[in-house]
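> Questions regarding the structure given below will be posed in turn.
In my numbering, the protein residues as written are 2 to 188.
This is how it looks when you write it as structure tokens:
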């Protein structure tokens with residue numbers, strides 16, 4: 002899938018040159034050594050451990066590649082999970098079957114290289130994850146994230162996610178709501 006970042010300019014590039022589009026693909030043999038999102042735990046995971054999780058089928062990893070340079074601009078991981086029915090707001094649970102948990106998809110990690118931050122690529126990756134899940138044919142009620150800090154919580158809330166519990170940084174977005182937001186955001 003190809004996503005254009007609104008042809009935004011790179012901070013380090015000549016202002017007269019526009020940034021080419023990105024492609025988003027499954028993690029393969031891309032160069033991950035120079036990736037730096039500013040959070041060492043996310044860098045370390047991406048550089049050294051993500052391949053093990055993919056091999057073990059614990060999660061899949063998708064990468065955003067800048068077309069012009071073939072650089073990894075960002076990544077996210079997807080895995081199956083469940084949400085305990087009791088953790089969801091009552092307004093939502095009254096419309097759901099009375100199972101102990103409802104199926105969901107977790108965006109386990111999401112990071113954007115420093116050189117590409119501030120260009121809305123994070124939102125593109127969130128909605129790419131939603132699109133991939135919807136096209137996969139796997140039933141899931143919501144997408145779930147565990148935000149690493151308050152800044153990440155604000156990012157996900159900006160994209161329509163709701164907190165599962167005010168004391169935690171776990172947020173969710175029902176797929177029905179995500180699809181409505183996705184349709185509204187398209188040109």
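Ideal Cβ placement from N, Cα and C applies to all residues, glycine included. Small disclaimer: the values here were computed from a predicted structure and weren't measured.
How is residue 139 classed by DSSP in three states: helix, strand or coil?
Numbered from 1 along the chain shown, position 138 holds the residue referred to as residue 139. Residue 139: coil per DSSP, three-state reduction.
> From the DSSP output, which residues share a beta bridge with residue 78?
On the chain shown, position 77 is the one that residue 78 refers to. Bridge partners of residue 78: 62.
> Can you tell me whether residue 97 is buried or exposed, with buried defined as 16 or more other CB within 10 angstroms of its CB?
Sequence index remark: in the chain shown, residue 97 carries index 96 (1-based). With fewer than 16 other Cβ atoms within 10 Å, it is exposed.
> Quick one: what's got a C-beta closer than 8 Å to residue 61's C-beta in the same chain, skipping five residues either side?
Your numbering for residue 61 matches position 60 in the chain shown. If we look at residue 61 and ignore the five residues flanking it on each side, its Cβ neighbours are 27, 28, 55, 78, 79, 80.
> Taking 8 Å as the threshold, find out whether the segment 63-73 comes into contact with the segment 147-165 through three or more Cβ pairs.
Not touching, per the Cβ criterion.
> Count the C-beta pairs between the segment 68-75 and the segment 87-94 that are closer than 8 Å, then say yes if the count reaches three, no if not.
Touching, no, given that fewer than three Cβ pairs across the two stretches are closer than 8 Å.
> Is it true that the CB of residue 161 sits closer than 8 Å to the CB of residue 194?
The question about residue 194 has no answer, for the chain in this structure spans 2 to 188.
> Could you check if residue 18 is buried or exposed, using at least 16 other CB atoms within 10 Å of its CB as the buried criterion?
Counted from its first residue, the chain shown places residue 18 at position 17. Its pLDDT being 28, under 50, residue 18 is placed unreliably in this model, and the coordinates cannot settle the point.
> Alpha carbon to alpha carbon, how far is residue 139 from residue 35? Give it in angstroms, no decimals.
Translated into positions along the chain shown, residue 35 becomes position 34. Translated into positions along the chain shown, residue 139 becomes position 138. So the two alpha carbons sit approximately 34 Å from each other.
> Could you give the DSSP three-state label for residue 134: helix, strand or coil?
The residue given as residue 134 occupies position 133 in the chain shown. In the structure shown, residue 134 sits in a helix (DSSP, three-state: H, G or I).
> Given this structure, state the Cα-to-Cα distance separating residue 39 from residue 132, to the nearest angstrom.
On the chain shown, position 38 is the one that residue 39 refers to. On the chain shown, position 131 is the one that residue 132 refers to. Their Cα atoms are separated by approximately 27 Å.
> So, residue 117 versus residue 143, is the Cβ gap smaller than 8 Å?
Walking along the chain shown from the start, residue 117 turns up at place 116. Walking along the chain shown from the start, residue 143 turns up at place 142. Their beta carbons are not under 8 Å apart, which means residue 117 does not touch residue 143 by this criterion.
> For the beta strand (DSSP E) containing residue 94, list its first residue and its last residue.
Start at 1 with the first residue of the chain shown, and residue 94 comes out as number 93. Segment 91-94 is the alpha helix (DSSP H) holding residue 94; no beta strand (DSSP E) there.
> Report the partner residues of residue 163 according to the DSSP bridge assignment.
What you label residue 163 is simply residue 162 of the chain shown in a count that begins at 1. In the DSSP output, where bridge partners are listed per residue, residue 163 has 173.
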